[in-house]
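Protein chains in written order, with this note's numbering: chain A, 3 to 552; chain B, 56 to 378.
Every residue, glycine too, gets a C-beta built ideally from N, C-alpha and C.
What follows is a single structure, written as structure tokens, with notes after it.
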Amino acid sequence: MHGPRGALIPDLLHPTPIQRIDADVTKVAMTFAFASGVSGGLFADALDKASVAPSTWEPSAYASDLFLHEFVARCFSFRLRGKEASLSTSHLVKLLERPPADPAVVQHRRVIAAELAASPELRAELEALYSDLCRFRALLEGATAGRKWDANRRQLDILVVAKEIIDRMATRFGAARSGLSVLRDFGQRVQESEPYRSLADLLRYEEHLATVSLKVRVGADGRIQAFDIQSVQENQANPFVTSPLRRWLARIELFLRGYKFGEGEIMARLIDAVFDGLQDDLVCFVQLLVDIEFYLGALGFRDMAQAAGLAVCLPELVSAGETRALNELFNPLLLVHGGKAVPCNVTTDKHATTVLVTGPNSGGKTRLLQAVGIAQILAQAGLFVPARAARLALSPGLVVSLIQETKADQTEGRLGVELIRIRALFERLPPGAMVILDELCSGTNPSEGEEIFELVVKMLTRLRPQAFITTHFLAFAARLEKERKIADLRFLQVELGPDERPTYQFTPGVARTSLAGQAAARLGVTGDQLLSLVERNIAQMHGAMQNGRA
Amino acid sequence: MGTFLATDKMHPALVARIERSIGASARAARGKRTSPRLRTTLVRLTIAVTLTAIAATALLARRRYQQEVRRAREQLLHTVQANAALLTADERSFMTRVEPWILGLTGAYEGDLVAEELRASQSLETVLARPSVYVRGPLSAFGSPAAIADTASASTRDSLLLCLLDPPASRVEKVVVAKVRALYAGGGNVSDHARRLHEAEGGLRHLLFPWQERVENARELRDLERVEADLGKVAVAETKRAARAELLIAAMDEPDEPGPADLDGERAHQVRVAIVDLRAGKALLRVRKRVDPNWLAASTRSTLASAVDGCALALDVRAGVGR
Chain A
3 MHGPRGALIP DLLHPTPIQR IDADVTKVAM TFAFASGVSG GLFADALDKA SVAPSTWEPS
63 AYASDLFLHE FVARCFSFRL RGKEASLSTS HLVKLLERPP ADPAVVQHRR VIAAELAASP
123 ELRAELEALY SDLCRFRALL EGATAGRKWD ANRRQLDILV VAKEIIDRMA TRFGAARSGL
183 SVLRDFGQRV QESEPYRSLA DLLRYEEHLA TVSLKVRVGA DGRIQAFDIQ SVQENQANPF
243 VTSPLRRWLA RIELFLRGYK FGEGEIMARL IDAVFDGLQD DLVCFVQLLV DIEFYLGALG
303 FRDMAQAAGL AVCLPELVSA GETRALNELF NPLLLVHGGK AVPCNVTTDK HATTVLVTGP
363 NSGGKTRLLQ AVGIAQILAQ AGLFVPARAA RLALSPGLVV SLIQETKADQ TEGRLGVELI
423 RIRALFERLP PGAMVILDEL CSGTNPSEGE EIFELVVKML TRLRPQAFIT THFLAFAARL
483 EKERKIADLR FLQVELGPDE RPTYQFTPGV ARTSLAGQAA ARLGVTGDQL LSLVERNIAQ
543 MHGAMQNGRA
Chain B
56 MGTFLATDKM HPALVARIER SIGASARAAR GKRTSPRLRT TLVRLTIAVT LTAIAATALL
116 ARRRYQQEVR RAREQLLHTV QANAALLTAD ERSFMTRVEP WILGLTGAYE GDLVAEELRA
176 SQSLETVLAR PSVYVRGPLS AFGSPAAIAD TASASTRDSL LLCLLDPPAS RVEKVVVAKV
236 RALYAGGGNV SDHARRLHEA EGGLRHLLFP WQERVENARE LRDLERVEAD LGKVAVAETK
296 RAARAELLIA AMDEPDEPGP ADLDGERAHQ VRVAIVDLRA GKALLRVRKR VDPNWLAAST
356 RSTLASAVDG CALALDVRAG VGR
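Shown next, in the form of structure tokens:
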């Protein structure tokens with residue numbers, strides 16, 4: 003897709019560029035911001051209302067359960083020149099929530115990410131470009147308005163930065179072989195255009211109106227004895243240079259047209275005209291900023307993982323019939339909370355299976371589900387997944403249902419809420435989609451819950467999903483494993499160490515115990531521990547009553 | 056519509072944007088409602104046009120006025136130069152030739168003198184027929200050129216001059232009185248060639264005034280009008296006629312003798328009368344005669360004592376030349 007003048011858009015996210023922001027509205031906002039220095043968050047507004055590439059994923063089905071907003075805010079952070087970058091988090095979340103339906107788009111992004119990971123030079127250039135774009139945004143949005151009282155100076159500063167951005171795009175990405183080359187093409191196209199040449203002329207005019215040759219004679223005492231102007235030469239080649247008389251006439255003309263009578267007003271009109279010519283190209287910077295954040299954020303996530311001794315990778319994308327492998331998979335949400343993420347391996351013989359995960363409480367089942375979900379989202383977005391190596395198949399949708407806290411406005415009991423979740427799951431689940439369910443049917447008695455569980459699993463298999471379901475119905479799961487009545491059902495259990503503690507690894511099979519007793523002991527809920535608490539409370543109450551009588 | 060902000064070296068697209076930026080393009084003018092900037096433009100344009108019109112009008116009026124002043128000055132200069140050209144060198148130096156003679160007569164009286172040229176019969180008439188200037192005043196009123204000018208301005212063509220040129224038939228009171236009356240009534244046409252010295256002195260003083268400098272220094276029309284009025288007072292013809300005089304006829308009244316004065320102030324006193332040939336630079340006549348109104352009848356003395364005395368003095372002078 004092309005811009006308003008048919009110009010190439012520097013879209014880093016799509017092989018065929020897409021104008022995702024409302025260019026006309028943004029242009030108006032940018033004109034106002036340029037003129038006034040007050041934008042009210044022009045970039046944020048434009049990106050909040052921006053669209054994304056067509057996607058088959060429905061964010062409401064998984065985003066909140068996977069804490070995507072927190073993941074982006076904490077894991078996609080990166081530093082530039084020692085300062086934390088201020089990310090367009092909402093739009094980045096939107097990009098992850100709605101991964102592109104077109105595999106070509108995913109591949110396009112993967113190639114860019116791979117090139118950036120392999121080339122520190124290109125990454126440094128992209129960071130420098132991002133830094134320039136941030137300066138452009140800050141100047142335009144008036145973040146520096148308090149220091150720039152001269153409106154012309156502020157606008158010229160904006161134009162100077164705009165030129166630096168265009169020049170950087172045109173000259174610093176010549177080595178790019180991926181979709182980053184669109185930056186070079188865009189920069190070079192703009193450089194060849196009339197508005198850019200006018201911009202360059204204006205900036206030269208502003209800094210080089212004339213050359214004055216001076217001859218200074220200094221005496222033995224170091225003082226200036228003579229000061230002669232040898233020549234004054236106006237930069238006649240510059241189209242903005244006019245004679246003093248013409249400048250005066252221009253001032254009079256502007257005055258009669260209702261403007262101020264001053265040299266500054268002439269410059270203001272020229273700046274306005276130059277900016278007007280560039281506006282269609284400058285609007286592209288808004289979208290470009292978040293595109294770069296998309297990749298630098300992913301690289302920041304990679305850096306964070308490496309700093310924690312973990313590895314990320316661009317997964318090998320395979321078909322749903324092929325083996326799924328996630329080697330040294332970790333949950334990035336653990337990293338942001340300062341916990342230790344223990345990587346694990348998850349392998350299934352094919353993707354279109356339903357994996358029942360069993361194991362003790364606090365064994366890492368829910369964390370595994372989150373990690374699998376986040377890995378799938380990142381893979382679908384064309385970015386690094388939290389695993390050293392991975393083979394993943396793209397999925398047409400994702401539904402995640404993790405155990406949620408009871409809400410104040412909840413009208414149903416826990417089972418009722420679960421049943422509503424199950425209903426909603428089937429209402430929006432396309433064939434082949436990924437399903438992640440935590441502790442299905444845990445809100446009722448085991449015998450009745452198992453019936454519903456089995457029904458759900460049976461129905462799911464008809465949709466050939468990539469399903470991961472945790473359960474504490476161990477006997478029921480063991481029966482399913484033994485009977486093998488349901489096709490494509492696989493079983494993973496939490497591995498226990500020699501001390502019967504979970505190793506946070508997962509092996510095939512069904513767990514024999516939930517180790518509730520261990521968990522109870524660890525959390526202080528054994529008979530002895532509870533009895534001592536009861537005795538202590540009674541003693542404290544008696545003591546208080548005696549003190550009251552005294 | 057162009058703008059001074061654009062240059063020939065600019066790309067047409069940039070020029071179009073500049074024009075649009077300042078509202079000089081057709082697109083900007085299409086708005087149906089009048090924008091605040093357009094209103095400001097119209098107000099400023101109206102003020103500018105008004106001020107320009109006022110300034111232009113004032114400038115044109117000033118220019119026209121200055122042209123008028125220049126034209127008036129040129130005309131005046133032309134008049135001044137024409138007047139100056141009318142005077143010959145002799146005429147210009149007339150007073151410098153006259154004044155030494157007058158000043159010379161005011162000293163101690165050197166005795167009567169009658170030049171040989173006057174002794175022959177009718178020679179006095181012949182001499183007096185030549186163009187002359189006449190002045191009469193108290194002896195003490197001729198002490199300097201300025202005093203001479205003042206005295207000359209007060210001196211008229213009185214009965215002494217008129218009777219000198221056209222004497223009565225006899226010295227009988229009745230005849231002299233009749234002659235005086237006739238002359239004062241305008242019967243003295245034969246004496247037109249004898250002019251007052253004042254005509255020469257006053258006229259030359261005006262004509263030789265640095266009119267050109269005054270005209271050139273005048274900046275306003277009213278100054279030039281004043282100059283023109285002053286210049287109009289100069290009787291050029293009369294001045295030239297007076298300045299061409301070949302004779303100076305001067306009469307100086309010595310102080311009155313003691314005694315009662317007549318009603319017109321006439322009392323007995325000595326009068327010095329001189330005729331000088333200015334062309335030859337020679338005194339032709341110098342006499343000292345006594346006038347005394349006592350010989351007149353009381354009725355005559357009360358009204359014409361000075362005039363009759365003057366006429367009688369003229370007869371005495373003529374008689375002295377004859378002797």
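Residue of the options minimising C-alpha distance to residue i
i	options	result
A/A392	A/L337, A/G323 and A/Q378	A/Q378
B/F264	B/T107, B/R147 and B/S361	B/R147
A/T28	A/L15, A/G42 and A/M306	A/G42
A/E86	A/L94, A/S92, A/R76 and A/V95	A/R76
B/R299	B/L100, B/R152 and B/L60	B/R152
A/L1	A/G499, A/P467, A/R492 and A/V437	Outside the displayed span of chain A (3 to 552) sits residue 1 of chain A, for which this structure offers no information.
A/I23	A/H544, A/T325, A/I376 and A/L290	A/L290
A/E1	A/T515, A/R253 and A/A65	Summary: the structure shown does not reach residue 1 of chain A, with chain A confined to residues 3 through 552, and so no result is reported for it.
A/F475	A/K484, A/D490 and A/E441	A/E441
A/A55	A/P504, A/D283, A/P19 and A/E318	A/P19
B/H248	B/A292, B/L262, B/A209 and B/R185	B/R185
A/R112	A/L380, A/G365 and A/T244	A/L380
B/R343	B/A353, B/V331 and B/Q325	B/Q325
B/T355	B/A255, B/E321, B/F197 and B/L173	B/E321
A/L258	B/S208, B/S76, B/L100 and B/E74	B/L100
A/T515	A/N363, A/I471 and A/S321	A/N363
A/P2	A/R81, A/S92 and A/D47	Here chain A covers residues 3 to 552 and nothing more, so residue 2 of chain A does not appear.
A/V40	A/Y261, A/A115, A/R139 and A/L97	A/R139
A/E208	A/I168, A/A178 and A/V276	A/V276
Cβ of residue i within 7 angstroms of any chain B Cβ
i	result
A/G42	no
A/P246	no
A/G279	yes
A/P388	no
A/R425	no
A/Q274	The question names Gln, but residue 274 of chain A in the sequence shown is Asp. By this cut-off, A/D274 is an interface position.
A/R206	no
A/E196	yes
Chain B residues whose Cβ lies nearer than 9 angstroms to that of residue i
i	result
A/S200	M65, H66, A68, L69 and R72
A/E255	T58, F59, L60, I77 and A79
Local conformation of residue i per DSSP, three classes
i	result
B/G257	helix
B/E123	helix
B/G159	helix
B/H133	helix
A/S233	strand
A/G418	helix
B/K87	Residue confidence is low: B/K87 scores 47 on pLDDT, short of 50, so the model does not pin down where it sits. No coordinate-derived value is stated.
A/P398	coil
Opposing strand residues paired with residue i [DSSP bridges]
i	result
B/R341	B/L168 and B/A329
A/S403	A/L439
B/A284	Paired residues: none, contrary to the question.
A/C136	A/C136 pairs with nothing; no bridge assigned.
B/P193	B/D308
A/A228	A/R219
Beta carbon proximity, residue i to chain A, threshold 7 angstroms
i	result
B/L141	no
B/I77	yes
B/A108	no
B/A103	yes
B/N138	no
Partner residues on chain B for residue i, Cβ-Cβ distance less than 7 angstroms
i	result
A/A252	F59 and L60
A/I20	In chain order: nothing, as chain B lies at least about 27 angstroms away.
A/P241	T62, K64 and M65
Contacts that residue i makes with chain A (C-beta to C-beta distance below 7 angstroms)
i	result
B/L100	L258
B/R92	G260
B/T96	L258, R259 and G260
Residue i: contacting residues in chain B (beta-carbon distance under 8 angstroms)
i	result
A/R271	L60, I73, S76 and I77
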